[in-house]
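Working notes, structure below.
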Amino acid sequence: MNYLAHIYLSDEDDFIKIGNFMADAVKGNKYEQYPTGIQIGIKLHRFIDSFTDSHPVYRQSKHRLHEKFGHYSGVIMDIVYDHFLAKNWQLFSNIELEKYADDFYNLLQSNYDILAPKTQNALPYMIKTNWLVCYKSLEGLELILFQMDYRTKNRVNMPAAMHEIKQFYAEIEQEFLAFFSDLQQQTKLELDKLKNEFHYTT
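My numbering puts the first residue of the sequence shown at 201, with every later residue one more than the last.
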């Protein structure tokens, strides 16, 4: 899963959201230098990634891209699944996606000093392009694939995956909806477990 899903699955706790969002920029046990809520968010992010990578439905979706994109099929499918979360947002939240995204950008700006350096560097571009809302359209999805391709030095031409995405669009959307239901349930259990381990209350 990509940014939008990680934020959404963080409950309504601001620090857990921040930790879950920036976890990829915090390696190994360096998470221990952050406040408890952010530590929980980082560990939750790692759980979500592990659960996603091993889930048979997600693996089925990813397999559609594997022949052409190899290792990067997972990177691409994470973004595609966020596209379907944004597209079907009304099924998961009563808050409009645009407001949800604006509120989160404001949260990051209000806590800028505590963000990991890589996250600080990426934040202005994320806000400028309204990344969390951009996912929602196919045009926005393609734009994000272009950006990801640039960040990986154009190794596999990620935007070319739009052909397969459009070809199997309905199938992947149904796979996402089935998978995300499982992910929500398991993430809630894991989050409750982490809160208990850290004696964390809000």
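Don't be surprised by glycine CBs; every beta carbon is placed ideally from N, CA and C. Note that the structure is predicted; figures quoted are calculated from it, not measured.
A straight line joining the alpha-carbon of Gln309 with that of Tyr231 spans about 20 angstroms. Between Val280 and Leu341, the C-beta gap is smaller than 8 angstroms, which places the two residues in contact.
C-alpha of Phe215 to C-alpha of Gly237: approximately 5 angstroms in a straight line. Under the DSSP assignment, Leu308 falls in the alpha helix (DSSP H) whose first and last residues are 297-310. In this model, Leu297 and Val356 are separated by some 31 angstroms (Cα to Cα). Cα atoms of Glu397 and Leu383: separation of roughly 21 angstroms, rounded to the nearest angstrom.
If you look at Val280, you'll find it in the alpha helix (DSSP H) that goes 272-287. With a beta-carbon spacing of about 29 angstroms, Ala361 and Ile242 fall beyond the 8 angstroms limit used to define contacts. If you look at Ala322, you'll find it in the alpha helix (DSSP H) that goes 317-329. Here Arg246 is actually not in contact with Phe368; their C-beta atoms are around 29 angstroms apart, not less than 8 angstroms.
With contacts defined as CB atoms closer than 8 angstroms, Leu391 and Leu244 qualify as a contacting pair. With fewer than 16 neighbouring CB atoms inside 10 Å of its own CB, Ser293 falls in the exposed class.
Ile365 and His399 have their C-alpha atoms some 43 angstroms from each other.
Shortest Cα-Cα distance from Pro317 to any of Ala223, Tyr203, Phe269 involves Ala223.
Per DSSP, Glu267 is one residue of the alpha helix (DSSP H) stretching across 256-269. At a Cβ-Cβ threshold of 8 angstroms, Lys336 and Ile240 do not count as neighbours.
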